[in-house]
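Numbering (this note's numbering), first residue to last: 1 to 69.
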């Protein structure tokens, strides 16, 4: 039971750091005169990267499937 508590505390710390730093970074970008444009560009680039990663995973998983039986 102690191990489960350690894992949950670690997850909470990790999420707090990631989202806390992310919020600080976005707020700093919004202070810059062209910050909203930068945030939008990062959002578009992240979406393209995510779509590309999903496409690569999908094509690799199709090639490695072994028929059952």
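No residue lacks a Cβ here, since even glycine has one placed at the ideal position from N, Cα and C. It should be emphasised that the depicted structure is a prediction, and the values quoted were computed from it without experimental measurement.
**Prompt:** CA-CA distance, residue 22 and residue 60?
**Reply:** Between residue 22 and residue 60, the alpha-carbon positions lie close to 31 Å from each other.
**Prompt:** If you run the structure through DSSP and keep just helix, strand and coil, what is residue 34?
**Reply:** Coil, per DSSP.
**Request:** Give me the Cβ distance between residue 18 and residue 39, rounded to the nearest whole Å; I'm assuming they're in contact under 8 Å.
**Result:** The Cβ separation is near 17 Å, so there is no contact.
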